[in-house]
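Chemist: Those letters in the sequence shown? Residues 71 to 131, by our numbering. For every residue, glycine included, the Cβ atom is placed at its ideal position computed from N, Cα and C. Predicted, not measured: the structure shown is a model, and the values here were computed from it.
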Amino acid sequence: MNNTTIEKVESVLSKISWAQQMLNSVQQQVNDPQLGNILSGIEFIIDCASSDAEALYNLVK
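1) Please say whether Leu93 and Val100 have beta carbons closer to each other than 8 Å?
2) Pick out whichever of Gln97, Gln104, Glu80 has its Cα sitting closest to the Cα of Ser120.
3) Distance, Cα to Cα, Ile76 vs Ile112?
4) Would you tell me roughly how many angstroms separate the C-alpha atoms of Ala89 and Val82, rounded to the nearest one?
5) Which residue wins for smallest C-alpha separation from Asp117, given the options Thr74, Lys78, Ile86?
6) Any idea if Ala125 is buried or exposed, counting beta-carbon neighbours within 10 angstroms, 16 or more meaning buried?
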């Protein structure tokens with residue numbers, strides 16, 4: 071695969087990592103159980119996206 075594709079996938083992985091870090095920071099500040107549940111759902115989606123992006127990275131690498 072060409073370098074542009076690999077760089078784009080690496081960029082996506084980097085952005086997902088930033089989102090995970092921000093989410094973890096917010097989760098530590100939240101005391102509302104309902105909001106905590108919403109954030110847990112978002113965490114699940116981000117984790118799935120991360121797994122998919124890593125699989126894609128391994129495929130194009």
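Modeler: If we stick to the structure as given:
1) Going by C-beta atoms, Val100 is not nearer than 8 Å to Leu93.
2) Glu80
3) The straight-line gap from Cα to Cα measures roughly 26 Å.
4) 11 Å
5) Ile86
6) exposed
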